[in-house]
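Here is the structure we will look at, set down as structure tokens.
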Amino acid sequence: MDKRLFLHSVAGAALVLAASQAAAQNTPFKIGLILPMTGQSASTGRQIEAAARLYMAQNGDTVAGRKIELVVKDDTGLPDVTKRIAQELVVNEKVGVLAGFGLTPLALATAPIATQSRTPEVVMAAATSSITEASPFIIRSSFTLPQVTVSMADWAPKNGIKKVVTLVSDYGPGIDAEKFFKERFTFNGGQVVDALRVPLRNPDFAPFLQKVRDEKPDALFVFVPSGAGAAVMKQFLERGMDKAGIRLIGTGDVTDDDQLNDMGDGALGVVTAHHYSTDHDSALNKQFVAAFKKANPGMRPNFMAVGGYDGMRVIYQALKATNGKGDGPALLAAMKGQIFESPRGQVFIDAQTRDIVQNVYLRKVEKKNGELYNVEFDVLKDVKDPGKNR
Ligand code: DHB
142 MDKRLFLHSV
152 AGAALVLAAS
162 QAAAQNTPFK
172 IGLILPMTGQ
182 SASTGRQIEA
192 AARLYMAQNG
202 DTVAGRKIEL
212 VVKDDTGLPD
222 VTKRIAQELV
232 VNEKVGVLAG
242 FGLTPLALAT
252 APIATQSRTP
262 EVVMAAATSS
272 ITEASPFIIR
282 SSFTLPQVTV
292 SMADWAPKNG
302 IKKVVTLVSD
312 YGPGIDAEKF
322 FKERFTFNGG
332 QVVDALRVPL
342 RNPDFAPFLQ
352 KVRDEKPDAL
362 FVFVPSGAGA
372 AVMKQFLERG
382 MDKAGIRLIG
392 TGDVTDDDQL
402 NDMGDGALGV
412 VTAHHYSTDH
422 DSALNKQFVA
432 AFKKANPGMR
442 PNFMAVGGYD
452 GMRVIYQALK
462 ATNGKGDGPA
472 LLAAMKGQIF
482 ESPRGQVFID
492 AQTRDIVQNV
502 YLRKVEKKNG
512 ELYNVEFDVL
522 KDVKDPGKNR
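In this text, residue positions in the sequence shown follow the numbering used here: the first is 142, and each later residue adds one.
Here it is in structure tokens:
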């Protein structure tokens, strides 16, 4: 065996050993929650951590006789850091589950560790379709870009939008959004006249928006990750694109509930498709929003919070179903097929794909009691990720 291969297999053996030690009964069950708590995606980390802590406050910190310990680590949004932290959490902290993952590259960087150590990786935020295919140990509680994008591509042509320019962040979820929007919108008789990609890191939207203004489409379709929507909205309005007759449409990441209230009345009327709105009208959601706000003054929960909250539910339920044993493959099996009511509506973890099946809502920004909300006006029930089985 050459030296590299040998070291690789030693590391692999250490991971497997660590994972089996994590299964010991009566020791605390640790959940490694890896999130961007600083940097461009810090709001994602803040939302998910707050929601995970709320879930624990509401459901207790003991499951099947084991004390739950949440180990929160900041990966600053950089995949090399995520990977190093994941390795440390499995080998040294003996976590039973890895969770979080604020961006697609962070979820993908951890996939080989999940596979080697046979530790479930619960993806609470990242949303590129292919993530669940990177490891058989990945389960997702967030959403996928194809899932929400095709609903928008069905709605737009029925509502006077025939010519569209797409503008997406240039990485996994953006490329999914661009591709699935174009495919479905074209199928529906629409035309994508230009497809623009902006860098993920420190994007300057101005030159792209200028180009769109000159192209004069009926609408601009946008995907940017959580936290970047306010900048797009600001520059869209500053350039008078709305006054020039160009509508803004997109996935709900753009009118993120975390930022929407600060976007101002210029955001009114913007239509997006997404799986969760703070304004979702159900008793469970009203309870969730009220409890989240009470525990986190000044914040309101967005779709990231719901991904975190439901991800914790999936973990708790799996630990309960396996009588606290905490063995990776057994936990994974107990995560598959879970059906439950989420603050977003009914959801289902598809046992085949390990991805979430859920409702997708069409929503319009409106003012209610002096605050801006994404108000749902239509629903597509039980949408599977269209990115699978193609
Ligand atoms: C991803 C990140 C986001 O903040 C978001 O809103 C959607 C997708 C991602 O990196 O997968």
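For every residue, glycine included, the Cβ atom is placed at its ideal position computed from N, Cα and C.
Bear in mind that the values here come from a model prediction, so they are computed numbers and not experimental data.
Remark: three or more beta-carbon pairs, one from each stretch, lie closer than 8 Å, so the segment 167-182 and the segment 363-375 are flagged as touching. Excluding sequence positions up to five before and after residue 457, its CB lies within less than 8 Å of the CB of 196, 200, 204, 209, all in the same chain and listed in chain order. The alpha carbon of residue 525 has as its nearest neighbour, out of 515, 327, 487, 397, the alpha carbon of 487. Within the chosen limit of 7 Å, the ligand DHB does not reach the beta carbon of residue 282 with any heavy atom. With contacts defined as CB atoms closer than 8 Å, residue 251 and residue 214 fail to qualify as a contacting pair. Going by DSSP, residue 486 is part of the beta strand (DSSP E) stretching over 486-490. Two segments are said to touch when three or more pairs of C-beta atoms, one from each, lie closer than 8 Å; by this definition the segment 287-307 does not touch the segment 420-427. Looking at the DSSP output, residue 339 bridges to 310. By the neighbour-count definition (other C-beta atoms within 10 Å, threshold 16), residue 277 is an exposed residue. The beta carbon of residue 329 sits closer than 6 Å to the beta carbons of 298 from its chain, once the five residues preceding and following it are set aside; these are given in chain order.
C-alpha of residue 173 to C-alpha of residue 484: approximately 23 Å in a straight line. Judged by the Cβ position, residue 394 qualifies as a neighbour of the ligand DHB at the 7 Å threshold, a heavy atom of the ligand being closer than this. Taking 8 Å as the upper bound for CB-CB distance, residue 281 and residue 496 are in contact here, some 5 Å apart. Nearest neighbour of residue 425 by Cα position, chosen from 253, 388, 521, 447, turns out to be 447. Counting the other CB atoms within 10 Å of its CB gives residue 493 a total below 16, which places it among the exposed residues.
Closest by C-alpha distance to residue 455, out of 438, 475, 466, is 475. With the rule of 3 Cβ pairs closer than 8 Å, the segment 235-244 counts as touching the segment 259-277. Annotation for residue 414: the continuous beta strand (DSSP E) segment containing it runs 412-415. Boundaries for residue 181: no alpha helix (DSSP H) harbours it, and the DSSP string shows neither H nor E there. Contact check for residue 416 against residue 516 fails: the beta carbons are separated by 8 Å or more. In the DSSP assignment, residue 215 falls within the unbroken beta strand (DSSP E) covering 207-215. In this structure, residue 313 has its CB closer than 7 Å to one or more heavy atoms of the ligand DHB.
Within the model, the alpha-carbon separation for residue 399 versus residue 490 is close to 26 Å. In the structure shown, the three-state DSSP call for residue 375 is helix. The residue among 413, 335, 313, 312 with its C-alpha nearest the C-alpha of residue 323 is 335. The alpha helix (DSSP H) runs of length 4 or more contained entirely in the segment 398-452 are, from start to end of the chain, 424-436. In this structure, the C-beta of residue 414 stays at least 7 Å away from each heavy atom of the ligand DHB.
According to DSSP, residue 333 shares a beta bridge with 305. The residues 279, 281, 494, 495, 496, in chain order, have a CB closer than 7 Å to that of residue 273 in the same chain once the five nearest residues on each side in sequence are set aside. Annotation for residue 353: the continuous alpha helix (DSSP H) segment containing it runs 347-356.
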